[in-house]
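All the letters of the sequence shown, read from the start, carry residue numbers 607 to 808 under the working numbering.
Think of the CB as a built atom: it goes at the ideal place given N, C-alpha and C, for glycine as much as any other residue.
It should be emphasised that the depicted structure is a prediction, and the values quoted were computed from it without experimental measurement.
Some notes on the structure that comes next.
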Amino acid sequence: MKMQTLNAVQMAQRLLLSKVQQATCLVDATMGKGGDTLFLARNSSPAATIYSFDIQAAAIKQTQELLIRHGLEQKVKLISASHATVGEHVGLGTLEVAMFNLGYLPGGDHLLITRPQTTLAALHICLQRLQVGGLVSVVAYPGHTGGNEETQAVEAFLEKLPQSIFTACCWNVINHTKYPPRLYIIEKTRGEFFEGDTARKD
């Protein structure tokens with residue numbers, strides 16, 4: 607039986623690849639088992655720095671081991687903190703790529719999940735710090751407990767972004783039941799995004 611070869615995570619990586627190859631400041635906002643961190647480290651330039659966030663020690667350990675196996679640990683800063691603290695590590699106008707893969711740590715406690723409040727805070731900060739031409743991906747999982755609420759919160763937030771500054775897109779599997787994952791891609795097209803710019807003005 608043929609397995610699905612295209613999913614939201616793979617699509618995010620395909621869409622971001624060309625930008626990642628040029629970038630020097632990148633963020634994995636949800637480290638997890640390190641898949642996106644490895645993707646960013648493997649495909650970015652030798653001069654790049656990747657900032658990877660998670661609050662779970664198991665995630666940091668697994669990701670560190672993964673990076674060491676691939677000889678890429680020197681490019682990555684593993685940060686044991688909420689992704690809502692991304693602004694303490696990345697300056698305004700320096701961020702080129704950020705990836706969010708929401709939900710819970712695969713193989714971990716399903717009650718330890720990303721939450722709308724901190725996810726939106728981290729997303730807002732990343733958009734503030736994003737360079738013109740920069741990209742942010744968000745893979746959301748409406749099928750698990752708490753996931754639909756978070757997905758709706760993310761989509762509502764993105765719908766209100768000023769179109770004079772951002773383009774926000776959604777990729778979704780439309781013939782699968784049981785709430786398939788959803789991918790959002792945001793590109794900063796021009797201008798500045800400040801603390802109060804939370805709603806469209808155009």
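Closest by C-alpha distance to residue 725, out of 634, 664 and 738, is 634. Using a C-beta cut-off of 8 Å, the region 614-623 makes no contact with the region 669-683, since fewer than three inter-stretch Cβ pairs fall below that distance. DSSP places residue 666 in the helix class (H, G or I) of the three-state scheme. Residue 788 counts as buried, since no fewer than 16 other beta carbons sit within 10 angstroms of its beta carbon. With a cutoff of 9 Å on beta-carbon distance, residue 791 and residue 742 are scored as near each other. Annotation: the region 657-738 contains the following complete segments of the alpha helix (DSSP H) (minimum length 4 residues), in chain order: 663-675 and 722-735.
DSSP places residue 778 inside the beta strand (DSSP E), whose first and last residues are 772-778. As the crow flies, the alpha-carbon of residue 768 is around 29 Å from that of residue 719. The beta carbon of residue 683 sits closer than 6 Å to those of 657, all from its chain and outside the five residues before and after it, given in chain order.
In the DSSP assignment, residue 788 falls within the beta strand (DSSP E) that extends over 788-794. Of the other Cβ atoms in all chains shown, 16 or more fall within 10 Å of the Cβ of residue 668; this residue is therefore buried. Under the 10 Å beta carbon count, residue 650 is surrounded by 16 or more other beta carbons and is classified as buried. Taking residue 755 as the centre and dropping the five residues before and after it, the same chain places the C-beta of 722 closer than 8 Å to its C-beta, in chain order. Taking all protein chains in view, the Cβ of residue 707 is crowded by 16 or more other Cβ atoms within 10 Å, so the residue is classified as buried. Shown here, residue 655 sits in a strand according to DSSP, grouped into three states. Residue 632 is bridged by DSSP to 656 and 703.
Closest option to residue 687, judged by alpha-carbon separation, among 666, 675 and 746: 666. In this structure, residue 700 lies near residue 631, with their beta-carbon atoms less than 9 Å apart. If you look at residue 649, you'll find it in the alpha helix (DSSP H) that goes 641-649.
DSSP places residue 623 within a helical segment (H, G or I) once states are collapsed to three.
A straight line joining the alpha-carbon of residue 751 with that of residue 796 spans about 37 Å.
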